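Engineer:
Rendered as structure tokens:
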């Protein structure tokens with residue numbers, strides 16, 4: 266998972282990041298709520314871990330901003346030193362998906378993140394077969410078919426297509442896609458990604474007749490939509 270950490274205390278932020286990275290997650294740290302909001306305008310995160318009190322824009326403010334501005338919002342966990350019952354209720358009623366008291370026990374933090382992710386991002390079928398309309402993905406064999414006809418794709422094209430279908434109607438940033446598939450963010454990111462998107466759109470026939478369309482989001486990334 267790609268996780269944004271809003272925390273103005275650098276030692277705690279470093280500890281959180283270390284634990285999450287060790288568990289296999291990618292983390293980006295923000296010491297300002299406004300910086301995080303600015304990043305959300307052109308980048309994608311799977312989870313937001315938000316300190317309640319930061320100097321400029323609070324975690325609560327970020328929760329409200331996400332609710333008002335993001336159609337497909339990521340799960341949000343409030344992290345704070347407040348532990349009173351009314352504070353917990355206020356955080357959950359404001360729209361947070363969970364609440365953790367500082368400093369969180371690493372195992373509990375990971376378990377809470379995994380729990381909210383299970384609710385937000387369904388687990389793939391156990392048999393390794395995923396169907397989206399007439400498209401069928403064989404995850405184990407990395408094979409893809411449309412109405413029973415095999416589509417010849419490379420491993421990267423298969424991964425990109427599967428990511429887009431698993432995130433229907435969710436706009437994914439270029440950085441998010443590139444990090445997930447290539448593991449980095451080189452200078453050639455835009456050209457490489459655009460070339461793969463073009464091939465996936467063409468090979469899969471992502472157009473209205475097949476029930477889907479792949480659309481660019483200006484200065485952000487791409488979104489796969491169903492066409493009724």
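Residue numbers (this note's numbering): 266 to 493.
Cβ atoms here follow ideal geometry from the backbone N, Cα and C, with glycine treated the same way.
Note that the structure is predicted; figures quoted are calculated from it, not measured.
#1: Measuring CB to CB, does residue 288 end up less than 9 Å from residue 375?
#2: May I have a chain-ordered list of the alpha helix (DSSP H) segments no shorter than 4 residues that lie completely inside the segment 401-469?
#3: Report back the beta-carbon spacing between residue 249 and residue 327 to the nearest angstrom; my notes put them in contact at under 8 Å.
#4: Curious, which full-length beta strand (DSSP E) runs of at least 3 residues does the segment 333-390 contain?
#5: Just list the residues that DSSP pairs residue 396 with in beta bridges.
#6: Counting C-beta neighbours from all protein chains within 10 Å, is the total for residue 399 16 or more, i.e. buried, or is it exposed?
#7: Pull up the distance between the alpha-carbon of residue 296 and that of residue 439, whole angstroms please.
#8: Just how far apart, CA to CA, sit residue 316 and residue 433?
#9: With a 10 Å radius around its C-beta and 16 neighbouring C-beta atoms as the bar for buried, classify residue 282 as buried or exposed.
#10: So, for residue 311: in the same chain, excluding its five sequence neighbours on each side, which residues have a beta-carbon less than 6 Å away from its beta-carbon?
Structural biologist: Quick look at the numbers:
#1: yes
#2: 420-431, 439-447 and 454-469
#3: Not covered by the structure: residue 249. The range shown for the chain is 266 to 493.
#4: 341-345 and 363-366
#5: 401
#6: exposed
#7: 23 Å
#8: 29 Å
#9: buried
#10: 266, 267 and 339
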